[in-house]
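Residue numbers (UniProt numbering): 1 to 563.
Backbone N, C-alpha and C fix where the C-beta goes; we use that ideal spot for every residue, glycine too.
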């Protein structure tokens, strides 16, 4: 008897329940203080599993990465590494990626020339052009989505959040300081300043920040945003600090969002003083390492295992400190997760539209974001900015420890296919299939007021969601569910925050009830998505069939140890 999609899905579910995630999690490396030598407690690198999901050379096989490769790569010759055997390659454009390059090289993955199209991974520090996306083959991965600037440009981020405040209520998106885009909103800034006064912080689109007391000090000759300065920050031993958290989006339709379980806490060197006399002291008000490292009092720890020494801590160290003071760290992390999800939702519509137009295969793109977050004295988190291509530079052993583990887990998470060149389809067949895929995806995009959007099938009402099928009925739906389950098994230290057990009850109001696509922040937008599926609801219903019940504890992953 031929198996149905439902039967196949049941097999996938059973296999996912019995699979162990611990076998594929990367471990943090340790540096010996005072040297460049790395030690590890892991099993022999040569005996570690390199692949998951299929035999060597199989299209379904995915390469696995470990940060311990940085220390133990010499246990295998280059000829013995699967990356080398299969000619798996990567390409770097306009990016400083010493740590990434070293990690890939240790796994036998070689770099190709910037003009080469023969790569498995493209890592670029800027937004790729539409033509680059259109030419991607199924086995290729690139570290950006088209139009991801909707989240990472300071002006676009604020405007997207502001529109969501107007549409869905200010209280639901009250996590970004009041902001004005210059020079267009200069008069609004002046009016507001007369009511609530300063200080304000100036954030040029692509450079460092400065603080001002009055609107007259704001430069009007360049595009900048001016935000209300959070003057009551959380202080640790009298010092201001902010967080750098690593967020990964692996898919936009359906939306899959992960946050790394460990992050960095950066401290200002000079103790905080709220008086205006100290307004121009950057080492008091800014926590950037690039600024504070030059101060004579800056302390950099040489011990990678010391998480709360000097002016750079781990997130875990801060949570331990706050919990010892009786603070509700579980609530804090819940609010941070909520803020991350809503920031992504507020910008996702334009990104999804661009993906339908330019990206031929659902797995081609992923994005690593650096979320900069400030916590105030009431333990309320504020989103300062979202960084495109967050820095992977390592200026301390703690950086090496955290970032190498995060990168290894990221590369495993995104699923780089272990594809041998002889198994790759010819260029002409790839181009033909890519063109067909784009035509199919573009067919789902409609102008709001165009003729083909009028008089057609009626859009179901909001109650339709409850009647949508929760069982994959097409090969594409089955593939999405399978890939999501497999990706979760490779998550390492990443925590999937969307979808989660309570996602639909908390965030369904921000999704189109028929398509599941995040609603546009612009009601009058001339472009929208009209698709015949609801992948978000399908995926949520399968992963969390008892989504209305209290969540069961996840025994395979400690979620923020010190909450």
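query                                                                                                                        : result
For residue 314, the residue or residues it bridges with in DSSP                                                             : 264
N- and C-terminal bounds of the beta strand (DSSP E) containing residue 565                                                  : The requested residue 565 does not occur in the structure, where the chain is confined to residues 1 to 563.
Proximal residues to residue 388 (C-beta, below 6 Å), its chain only, five neighbours per side dropped                       : 152
Classification of residue 336 by the beta-carbon crowding that lies within 10 angstroms, buried from 16 upward               : buried
Assigned exposure category for residue 362 - 16 Cβ within 10 Å defines buried                                                : buried
Test item: CB-CB of residue 105 and residue 112 under 8 Å                                                                    : no
Three-state secondary structure assigned by DSSP to residue 184                                                              : coil
Distance between beta carbons of residue 64 and residue 412, contact taken as under 8 Å                                      : 5 Å
Test item: CB-CB of residue 565 and residue 130 under 8 Å                                                                    : Because the chain spans 1 through 563 in this model, residue 565 falls outside it and cannot be assessed.
Simplified DSSP state of residue 273, which is helix, strand or coil                                                         : coil
Separation of residue 165 from residue 379, as counted between CA atoms                                                      : 22 Å
Exposed unless 16 or more other CB atoms sit within 10 angstroms - verdict on residue 280                                    : exposed
Which of helix, strand or coil DSSP assigns to residue 230                                                                   : coil
Rounded C-alpha distance that separates residue 324 from residue 334                                                         : 18 Å
Residues near residue 255 by beta carbon distance below 8 Å, same chain, minus five either side                              : 249, 344, 345, 348, 498, 499, 518 and 536
Where the beta strand (DSSP E) through residue 351 begins and ends                                                           : Premise fails: residue 351 lies in the alpha helix (DSSP H), 329-358, not in any beta strand (DSSP E).
Secondary structure of residue 167, DSSP reduced to three states                                                             : helix
Contact belief for residue 398 with residue 301 at Cβ below 8 Å, rounded distance in angstroms                               : 6 Å
Residue 479 (DSSP reduced to helix, strand or coil)                                                                          : helix
Whole-angstrom C-beta distance between residue 138 and residue 358, which should lie under 8 Å                               : Incorrect: roughly 15 Å between the Cβ atoms, too far for contact.
Simplified DSSP state of residue 141, which is helix, strand or coil                                                         : strand
Reduced DSSP secondary structure (H/G/I, E/B, other) of residue 362                                                          : coil
Cβ-based burial, residue 94 [other Cβ within 10 Å; buried from 16]                                                           : exposed
Outcome for residue 253 when other beta-carbon atoms lying within 10 angstroms are tallied against a minimum of 16           : buried
The ligand GTP heavy atom lying under 7 Å from the CB of residue 512                                                         : Ligands are entirely absent from the displayed structure, and the ligand GTP is therefore not among its contents.
Selection from 386, 546, 538 and 487 that minimises the alpha carbon distance to residue 477                                 : 538
Pairwise C-alpha distance: residue 203 and residue 540                                                                       : 38 Å
Selection from 297, 110, 272 and 224 that minimises the alpha carbon distance to residue 85                                  : 110
Length of the line joining the Cα atoms of residue 360 and residue 367                                                       : 17 Å
Cβ neighbour criterion (16 or more within 10 Å) applied to residue 276                                                       : exposed
For residue 50, three-class secondary structure by DSSP                                                                      : coil
C-alpha distance - residue 483 paired with residue 365, whole-angstrom precision                                             : 14 Å
Neighbourhood of residue 308 by C-beta distance below 6 Å, restricted to the same chain and skipping five residues each side : 317
Rounded straight-line distance, which links the Cα of residue 69 to that of residue 140                                      : 23 Å
C-beta contact flag for residue 377 and residue 472 at 8 Å                                                                   : no
Contact set for residue 222: own chain, Cβ-Cβ below 7 Å, skip 5 residues either direction                                    : 204
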